Each structure stands twice: as structure tokens, then as C-alpha cells.
Amino acid sequence: MGKQTAVTIRGIVIASAWNRVGEIKAVDIAGYDEKRYRIADDHIGRQLRVLNKKRIVVKGFFDTENNKPVLYVHHFQIDASEAL
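If you want this note's numbering, it's the 1-based position in the sequence shown plus 251.
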């Protein structure tokens with residue numbers, strides 16, 4: 252890991268991979284900036300699976316896995332603007 256810069260991203264949790272029985276195996280954030288961010292498959296990333304289709308705000312940092320950027324989330328919350 253190189254130097255890590257903290258990021259805050261707002262967007263919607265979307266399923267990006269499923270297992271053979273149809274359970275969500277991986278999630279991304281579809282950012283309000285129209286970019287898609289892969290979420291790391293760690294403890295917090297697995298927690299985000301149950302928030303599929305919810306608007307959230309995440310704070311974390313990017314690293315690289317298999318030459319692709321992956322977002323490691325340190326903190327997340329439901330986006331307050333969802334109630335609007």
C-alpha cells in the first residue's frame with residue numbers, strides 16, 4: 252500500500268456479483284458523480300450488502316487489488332438526503 256488519501260463518496264449501494272443461490276456476493280457504490288466504485292470484500296464491505304439499493308455516504312480510502320481500484324470503507328451512514 253502506498254500513501255492513502257481519505258475520500259468521502261455519496262451514492263447508491265448496488266449488487267455487483269452473486270453466488271450460485273442468488274445471494275449478493277459483492278457490492279459497488281454507484282456514485283452521484285456517475286462513477287462506479289468497487290467496495291472491498293472485508294467486514295464493512297459485507298455489512299453493506301444488506302443495504303442494496305440504499306443511498307449512503309461512505310468514508311474510506313482506495314487501494315489496488317488485481318490492478319483495479321478498490322474502496323476500503325471505514326465508516327458509512329444512510330444519506331440524509333434520502334429522506335427528501
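Beta carbons: idealized from backbone N, C-alpha and C, even for Gly. Just so it is clear, the structure is predicted and the values come from calculations on it, not from any experiment.
Between which two residues does the alpha helix (DSSP H) harbouring residue i extend?
i    : result
L299 : H294 to L299
Am I right that residue i and residue j are in contact with their C-beta atoms under 8 Å? What's the rounded C-beta distance?
i    : j    : result
R300 : V272 : Going by Cβ atoms, the distance from R300 to V272 rounds to 14 Å, so no, they are not a contact pair.
I295 : I280 : So it is not a contact: roughly 12 Å between Cβ atoms.
K305 : I275 : That pair is no contact at about 13 Å.
I265 : N317 : At roughly 20 Å, the Cβ-Cβ gap does not stay under 8 Å, so I265 and N317 are not in contact.
From the DSSP output, which residues share a beta bridge with residue i?
i    : result
K216 : Absent from the structure is residue 216, since the part of the chain shown begins at 252 and ends at 335.
A331 : Answer is none; A331 lacks a bridge partner.
V338 : Coverage of the chain is limited to positions 252 through 335, which leaves residue 338 absent and any answer about it impossible.
E316 : K319
Go ahead and pull the three-state DSSP assignment for residue i.
i    : result
A291 : coil
For the beta strand (DSSP E) containing residue i, list its first residue and its last residue.
i    : result
G408 : There is simply no residue 408 to check, as the chain begins at 252 and stops at 335 in what is shown.
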